[in-house]
């Protein structure tokens with residue numbers, strides 16, 4: 001059966017003359033994929049019973065039908081409506097995931113990376129600034145824990161080649177522990193240069209992950225200010241109301257409650273919604289405390 005992801009990832013051979021415009025084909029496939037997914041969700045709602053309670057652990061099977069490339073990446077299940085909440089990682093070049101402590105985000109980030117591998121046909125680049133994710137390099141061949149300046153230089157060359165050849169390759173770059181990563185760079189201008197090129201290319205997004213205090217130290221730097229938005233993002237665990245990181249329009253008591261790291265908030269257009277986060281790492285009985 002054809003799925004939204006099949007449509008999103010469909011590739012066509014190119015002709016030298018009289019071929020279709022590649023950008024127009026890609027844009028049309030994106031529209032079809034999103035529309036097809038909406039219709040599929042409507043069918044699912046009428047043919048399947050809604051889950052009466054939140055699952056103890058949100059696994060891939062709970063959310064996989066909502067994964068449609070980078071346009072629709074499930075991040076959890078809404079605590080109130082029990083709907084799957086998704087992020088559109090094509091809207092902004094720069095995206096933020098945060099918590100009171102970077103370590104709180106590890107299970108969520110590893111789960112998100114699994115979705116990215118599917119959504120981008122394995123075009124996932126992970127830069128681990130604190131060397132804590134310990135990813136399997138057979139699954140994540142582009143996993144880097146050192147030589148960060150060289151990594152950025154190679155990424156800049158890679159994006160330049162994609163632009164020059166007019167290739168439409170979707171991908172994502174995740175920088176885990178952005179503050180530590182920046183401290184190890186000899187030249188931070190390379191990061192700003194990379195982000196400028198990615199904004200021009202429009203097919204590859206960057207996600208930075210760190211605790212709120214560290215991200216706020218860079219929020220007025222030009223590389224951050226010109227590329228990252230704080231009206232949208234994901235918060236893991238407790239403390240979002242005290243962090244003053246994301247721009248939140250209306251505060252409620254729900255934001256001030258104590259949550260374990262399997263809960264969090266998706267922030268969309270400055271509106272936070274409480275969700276149980278995806279977790280493809282834990283097993284039944286695991287503790288999600290800090």
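In the working numbering, the protein residues as written are 1 to 290.
Note that beta-carbon positions come from the ideal geometry of N, C-alpha and C, so glycine has one too.
As the structure is a computational prediction, the values presented were derived from the model and not from experiment.
Sequence-distant residues of its chain with Cβ nearer than 6 Å to residue i (five each side left out)
| i | result |
| --- | --- |
| residue 217 | none |
| residue 247 | 230, 231, 270 |
| residue 165 | none |
Contacting residues, own chain, Cβ-Cβ under 8 Å from residue i (five flanking each side not counted)
| i | result |
| --- | --- |
| residue 239 | 99, 100, 212 |
| residue 114 | 60, 280 |
| residue 88 | 70, 71, 72, 73 |
| residue 137 | 143 |
| residue 16 | With a pLDDT of 49 at residue 16, under the threshold of 50, the predicted position of this residue should be treated as unreliable, and no value is reported. |
| residue 85 | 74, 75, 76, 77, 78, 266, 273, 275 |
Three-state class that DSSP yields for residue i in the structure shown
| i | result |
| --- | --- |
| residue 154 | helix |
| residue 264 | strand |
| residue 224 | helix |
| residue 81 | coil |
| residue 210 | strand |
| residue 219 | coil |
| residue 148 | helix |
| residue 248 | coil |
| residue 273 | strand |
| residue 259 | coil |
| residue 201 | helix |
Bounding residues of the alpha helix (DSSP H) (the contiguous stretch that carries residue i)
| i | result |
| --- | --- |
| residue 176 | Taken as a continuous stretch (DSSP letters only), residue 176 belongs to no alpha helix (DSSP H), being part of the beta strand (DSSP E) at 171 to 176. |
| residue 229 | No alpha helix (DSSP H) holds residue 229; DSSP gives it neither H nor E. |
| residue 117 | 106 to 119 |
| residue 65 | Element bounds for residue 65: n/a, residue is neither H nor E. |
| residue 243 | 240 to 243 |
Beta bridge counterpart(s) of residue i as assigned by DSSP
| i | result |
| --- | --- |
| residue 95 | 207 |
| residue 128 | 176 |
Proximal residues to residue i (C-beta, below 7 Å), its chain only, five neighbours per side dropped
| i | result |
| --- | --- |
| residue 47 | Its pLDDT being 41, under 50, residue 47 is placed unreliably by the model, and the measurement read from it follows with that caveat. No residues qualify anywhere along the chain. |
Say whether the segment 156 to 168 touches the segment 109 to 124, bearing in mind that this needs 3 or more beta-carbon pairs closer than 8 Å, one atom from each stretch. no
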